[in-house]
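S.K.: Protein sequence lines, in the order shown, are assigned to chains A and B.
Under the working numbering, the first residue of the first sequence is numbered 142, with each subsequent residue one higher.
Under the working numbering, the first residue of the second sequence is numbered 142, with each subsequent residue one higher.
Cβ atoms here follow ideal geometry from the backbone N, Cα and C, with glycine treated the same way.
Quick one: the structure is below, and I'll ask about it shortly.
Number of protein chains: 2
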Amino acid sequence: MTTIDLPLTPVASDGGCCGTAPPPVDVAAARDLARTFKALADPTRVQLLSIVTAHEGHEACVCDLTEPVGLAQPTVSHHLKILVEAGLLEREQRGRWAYYRAVPDAVAGVADLLTSLAPSPLTPATAPTGA
Amino acid sequence: MTTIDLPLTPVASDGGCCGTAPPPVDVAAARDLARTFKALADPTRVQLLSIVTAHEGHEACVCDLTEPVGLAQPTVSHHLKILVEAGLLEREQRGRWAYYRAVPDAVAGVADLLTSLAPSPLTPATAPTGA
Chain A
142 MTTIDLPLTP
152 VASDGGCCGT
162 APPPVDVAAA
172 RDLARTFKAL
182 ADPTRVQLLS
192 IVTAHEGHEA
202 CVCDLTEPVG
212 LAQPTVSHHL
222 KILVEAGLLE
232 REQRGRWAYY
242 RAVPDAVAGV
252 ADLLTSLAPS
262 PLTPATAPTG
272 A
Chain B
142 MTTIDLPLTP
152 VASDGGCCGT
162 APPPVDVAAA
172 RDLARTFKAL
182 ADPTRVQLLS
192 IVTAHEGHEA
202 CVCDLTEPVG
212 LAQPTVSHHL
222 KILVEAGLLE
232 REQRGRWAYY
242 RAVPDAVAGV
252 ADLLTSLAPS
262 PLTPATAPTG
272 A
């Protein structure tokens, strides 16, 4: 176990019943989140994001990514484009090759929002005072 | 800022170059993650999970869920079924109504895995010693 600081989603302070429950996400936030989850709703794209993140400097050339996922470069580039459009990766052309870099704040933002959908084990417990 | 304890994903200890980068997820884990993300790749399902989590006791009757998302009960039940199949909600029939309860460990598990894909801002920083 490691102690870290996380900016937690603000807890509802409108006098609601459940101290540990965050307010539901609104329609616009749900739409944004769903769009990001759609970009990640493919095993190859999860692998690609994971491989780029694990790479030195959290950056990888497209030429480093074809072999680990066992796919041709156009297919890999297509998946990478979807991750770039979702804001999870950044792309930079350097000479012949495109390089992809993880955008940790974007990934962490989605993880934080997801964490806010599972308040019990991650937010400090507040013992219910009622029945 | 709130200090909480999180079981962090183990960091690679194979003598690799990047102390803060976790190893890439394997194919099976990528497939599981993608399946969960697919369940969340719809704004209505994100809203439903969020509303159930925010509800008293992190549980809601399907009869409480139709109005907030503005959809008919069969459509809402269809979306809820997908969330149940993904392990993010549990369903219990009580008399006339089905009740849905959030599975915080499942949601938190996905959030943790996602966090492991964005190591820089969330894991304790280790200054690189090499070039």
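Closest Cβ-Cβ distance between ASP205(A) and chain B: below 8 Å?
M.R.: For the purposes of this step, residue 205(A) is taken as the residue at position 64 of the first sequence. Judged by the 8 Å Cβ criterion, ASP205(A) is not in contact with chain B.
S.K.: Taking only three categories from DSSP, how would you classify ARG235(A)?
M.R.: Here residue 235(A) refers to the residue found at position 94 when the first sequence is read from its first residue. ARG235(A) falls in the strand class under three-state DSSP.
S.K.: Suppose the cutoff is 6 Å on Cβ atoms and the five residues either side in sequence are ignored; what does the same chain contact list for GLU233(B) look like?
M.R.: Position 92 of the second sequence, counted from the first residue, corresponds to residue 233(B). The residues are TYR240.
S.K.: Closest to PRO209(A) by CA distance: which of LYS179(A), LEU190(A), ARG235(A), THR256(A) is it?
M.R.: Taking the first sequence and counting its residues from 1, one reaches residue 209(A) at position 68. Comparing Cα positions, the closest option is LEU190(A).
S.K.: Label GLY271(B) either buried or exposed according to how many other C-beta atoms from any shown protein chain fall within 10 Å of its C-beta, with 16 as the threshold for buried.
M.R.: One-based indexing of the second sequence puts residue 271(B) at position 130. Note that GLY271(B) has pLDDT 43, beneath the 50 cutoff, so the model's placement of it is unreliable and the number below is only indicative. It is exposed - the Cβ of GLY271(B) has fewer than 16 other Cβ atoms within 10 Å.
S.K.: If you measure from the beta carbon of GLN188(A) to each beta carbon in chain B, is any gap under 8 Å?
M.R.: As a first step, residue 188(A) must be located in the first sequence, where it is residue number 47. True, the Cβ-Cβ gap to chain B drops below 8 Å.
S.K.: Quick check: the Cα distance between CYS204(A) and LEU230(A), rounded to an integer number of angstroms?
M.R.: Against the first sequence, residue 204(A) aligns to sequence position 63. Against the first sequence, residue 230(A) aligns to sequence position 89. Approximately 16 Å, taken between the alpha carbons.
S.K.: Return the CA-CA distance between THR150(A) and GLN214(A), expressed in angstroms with no decimal places.
M.R.: The sequence position of residue 150(A) within the first sequence is 9, counting from 1. The sequence position of residue 214(A) within the first sequence is 73, counting from 1. Confidence is the limiting factor: at THR150(A) the pLDDT is only 36, short of 50, which leaves the residue's position unreliable, though a coordinate-based value still follows. So the two alpha carbons sit approximately 39 Å from each other.
S.K.: Would you identify the three-state DSSP class for PHE178(B), choosing helix, strand or coil?
M.R.: Looking up residue 178(B) in the second sequence gives position 37. DSSP places PHE178(B) within a helical segment (H, G or I) once states are collapsed to three.
S.K.: With 8 Å set as the bound, which would you pick, yes or no: does the beta-carbon of LEU181(B) sit closer than that to a beta-carbon of chain A?
M.R.: The residue you call residue 181(B) lines up with position 40 of the second sequence. Yes, its Cβ sits closer than 8 Å to a Cβ of chain A.
S.K.: For the stretch 216-240 of chain A, which residues have a beta carbon sitting closer than 8 Å to at least one beta carbon of chain B?
M.R.: Along the stretch 216-240 of chain A, none of the residues has a CB nearer than 8 Å to a CB of chain B.
S.K.: Provide the residue(s) that pair with ARG242(B) in DSSP beta bridges, ordered along the chain.
M.R.: For the purposes of this step, residue 242(B) is taken as residue 101 along the second sequence, with counting starting at 1. GLU200(B), GLU231(B), per the DSSP bridge assignment.
S.K.: Answer with yes or no whether the minimum CB distance from GLY156(A) to chain B is below 8 Å.
M.R.: In the first sequence, residue 156(A) corresponds to position 15, counting from 1. Bear in mind that the predicted position of GLY156(A) carries a pLDDT of just 35, short of 50, making it too unreliable to give a figure here.
S.K.: Would you call the stretch 170-183 of chain B and the stretch 234-253 of chain A in contact, with 3 or more CB pairs under 8 Å?
M.R.: Under the 8 Å Cβ criterion, the stretch 170-183 of chain B does not count as touching the stretch 234-253 of chain A, having fewer than three qualifying pairs.
S.K.: Which of the three DSSP states is assigned to VAL225(A) in this structure?
M.R.: What you label residue 225(A) is simply residue 84 of the first sequence in a count that begins at 1. DSSP places VAL225(A) in helix when its eight states are reduced to three.
S.K.: Buried or exposed: which applies to ALA169(B), given that a residue is buried once 16 or more other Cβ atoms fall within 10 Å of its Cβ?
M.R.: One-based indexing of the second sequence puts residue 169(B) at position 28. Under this definition ALA169(B) is an exposed residue.
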